[in-house]
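Enquirer: Numbering (our numbering), first residue to last: 499 to 807.
Here's what the structure looks like:
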């Protein structure tokens, strides 16, 4: 398996056959590998293409764990001896025709892509506009369905095919939107979905924040927490330190000012317990440490107020 895996990755990196008659600088590669957990019913599918025409320059790639049946590659070809393989991956926006080699659990090669006229017509009839080749490819790689399009249209009035392709390119998928809904978030803006995806807002993060007691945060609140590194552990530590009623904004500010449970504990040990959040931040910003407090006490300046410190 390891021998083919190396060969598969090499083929993925080096393949360069043109896949579009309209754009000879466009090439696509595929690779199938075992999942990390060894699930025999799942494979890691990777699709990658180079686009150096029509105003684009660079590589795009997508990788995800999918059911073996959805990967298109025949199970006997994937798990048998190494040899040539051809197969198709059917998606609503179009079809990937794949060829290459596979065996011993892995495979790699190249693909061509053909748009679905039926899907293009369906988008046009919904007022989104017909996708060009690159947009159709992005929609297909992202697994976009008409059901997902209709789901997005329910809360985005002036959506275009270009908007959907951009969102998919940023990782907005039907599964991710459904996962957001499962934890109580129905985001009413495609741009906001893209921002949440770009800024690392995940359902795991949302669940963690909810478990820490914050169940009604807005999407903007979640974005701020993610951007400033506020996670469940930090929230839990603050609550354990007695700060149970902090808003999302206060958590962000405290995190930015470097307020930690260690700092709170050291101040408490020096006699400064249960300080309000604004006093904690003032002490931190002015470099007040327990050593500084101890040095003042040794010099005869004891029991000073926070303002005096």
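Ideal Cβ positions, reconstructed from N, Cα and C, are used throughout, including at glycine.
Taking the alpha-carbon of residue 560 as reference, which of 603, 643, 546 and 718 has the nearest alpha-carbon?
Expert: To locate residue 560, count along the chain shown from 1; it is residue 62. The residue with the shortest Cα to Cα distance from residue 560 is 546.
Enquirer: Indicate the three-state DSSP secondary structure (helix, strand or coil) for residue 714 in the structure shown.
Expert: Sequence index remark: in the chain shown, residue 714 carries index 216 (1-based). Coil at residue 714, not helix or strand.
Enquirer: Measure the alpha-carbon distance for residue 650 versus residue 707 and round it to whole angstroms.
Expert: Counting from 1 along the chain shown, the entry for residue 650 is found at position 152. Counting from 1 along the chain shown, the entry for residue 707 is found at position 209. Distance between the alpha carbons of residue 650 and residue 707 is about 26 Å.
Enquirer: With residue 750 as the anchor, note down where its alpha helix (DSSP H) starts and where it stops.
Expert: Reading the chain shown from its first residue, position 252 is the one you call residue 750. Run containing residue 750: 746-754, per the alpha helix (DSSP H) assignment.
Enquirer: In its own chain, which residues sit with a C-beta less than 7 Å from the C-beta of residue 693, not counting the 5 before and 5 after it?
Expert: By 1-based counting over the chain shown, the position of residue 693 is 195. If we look at residue 693 and ignore the five residues flanking it on each side, its Cβ neighbours are 721.
Enquirer: How is the alpha helix (DSSP H) around residue 584 delimited, first residue to last?
Expert: Against the chain shown, residue 584 aligns to sequence position 86. Looking at the DSSP string, residue 584 is not in any alpha helix (DSSP H); the run it does join, the beta strand (DSSP E), is 581-589.
Enquirer: Report the residue from 683, 641 and 681 whose alpha carbon sits nearest the alpha carbon of residue 665.
Expert: Along the chain shown, read from residue 1 onward, the residue named residue 665 stands at position 167. Out of 683, 641 and 681, 641 has the C-alpha closest to the C-alpha of residue 665.
Enquirer: Looking at the structure shown, is residue 797 part of a helix, part of a strand, or coil, going by DSSP?
Expert: Counting from 1 along the chain shown, the entry for residue 797 is found at position 299. It is coil, neither helix nor strand.
Enquirer: Between residue 739 and residue 726, what straight-line distance do the alpha-carbon atoms span, to the nearest angstrom?
Expert: One-based indexing of the chain shown puts residue 739 at position 241. One-based indexing of the chain shown puts residue 726 at position 228. C-alpha separation (whole angstroms): 20 Å.
Enquirer: Residue 582: which of 574, 712 and 588 sits nearest, CA to CA?
Expert: Start at 1 with the first residue of the chain shown, and residue 582 comes out as number 84. For the residues 574, 712 and 588, the minimum Cα distance to residue 582 belongs to 574.
Enquirer: Measuring alpha carbon to alpha carbon, tell me which residue in 761, 724 and 600 is nearest residue 702.
Expert: Translated into the one-based positions of the chain shown, residue 702 becomes position 204. The residue with the shortest Cα to Cα distance from residue 702 is 724.
Enquirer: Measure the C-alpha to C-alpha separation of residue 745 and residue 718 and round it to an integer number of angstroms.
Expert: Within the chain shown, the letter at position 247 stands for residue 745. Within the chain shown, the letter at position 220 stands for residue 718. Going by the C-alpha atoms only, they are around 13 Å apart.
Enquirer: In angstroms, rounded to a whole number, what distance separates the CA positions of residue 628 and residue 544?
Expert: Reading the chain shown from its first residue, position 130 is the one you call residue 628. Reading the chain shown from its first residue, position 46 is the one you call residue 544. Rounded to the nearest angstrom, the two C-alpha atoms are 26 Å apart.
Enquirer: Going by C-alpha distance, which of 688, 683, 680 and 669 is nearest residue 661?
Expert: Mapped onto the chain shown, residue 661 falls at position 163. If we check each option's Cα against that of residue 661, 688 comes out closest.
Enquirer: Identify the continuous alpha helix (DSSP H) that holds residue 665 and give its terminal residues.
Expert: Numbered from its first residue, the chain shown carries residue 665 at position 167. Its alpha helix (DSSP H) spans residues 659-667.
Enquirer: Looking only at DSSP bridge pairs, what is residue 597 linked to?
Expert: Translated into the one-based positions of the chain shown, residue 597 becomes position 99. Its beta-bridge partners are 584 and 608.
Enquirer: Looking only at its chain, what residues have a beta carbon closer than 7 Å to the beta carbon of residue 775, apart from the 5 residues adjacent to it on each side?
Expert: As a position in the chain shown, residue 775 is number 277, starting the count at 1. Taken in chain order, the residues that qualify are 741, 744, 748 and 752.
Enquirer: For residue 527, name the three-state secondary structure that DSSP assigns.
Expert: Counted from its first residue, the chain shown places residue 527 at position 29. In this structure, residue 527 counts as strand in the three-state DSSP scheme.
Enquirer: How many Å lie between residue 766 and residue 788 at the Cα?
Expert: Position 268 of the chain shown, counted from the first residue, corresponds to residue 766. Position 290 of the chain shown, counted from the first residue, corresponds to residue 788. Rounded to whole angstroms, residue 766 to residue 788 spans 9 Å at the Cα level.
Enquirer: How about residue 644 and residue 670: are their beta carbons less than 8 Å apart?
Expert: Taking the chain shown and counting its residues from 1, one reaches residue 644 at position 146. Taking the chain shown and counting its residues from 1, one reaches residue 670 at position 172. Cβ atoms of residue 644 and residue 670: not closer than 8 Å.
Enquirer: Ignore the nearest five residues each way along the sequence and tell me which others in residue 564's own chain have a CB closer than 6 Å to its CB.
Expert: Residue mapping note: residue 564 aligns to position 66 of the chain shown, counting from 1. Closer than 6 Å at Cβ, skipping near neighbours: 543.
Enquirer: On the criterion of 16 or more Cβ atoms from any shown chain inside 10 Å, does residue 591 qualify as buried, or is it exposed?
Expert: Residue mapping note: residue 591 aligns to position 93 of the chain shown, counting from 1. Residue 591 should be labelled buried.
Enquirer: Taking the DSSP output, what are the residues bridged to residue 557?
Expert: Translated into the one-based positions of the chain shown, residue 557 becomes position 59. Residue 557 pairs with 548.
Enquirer: Three-state secondary structure (DSSP) at residue 543?
Expert: Within the chain shown, residue 543 is the residue found at index 45, counting from 1. The answer is strand: DSSP assigns residue 543 an E or B state.
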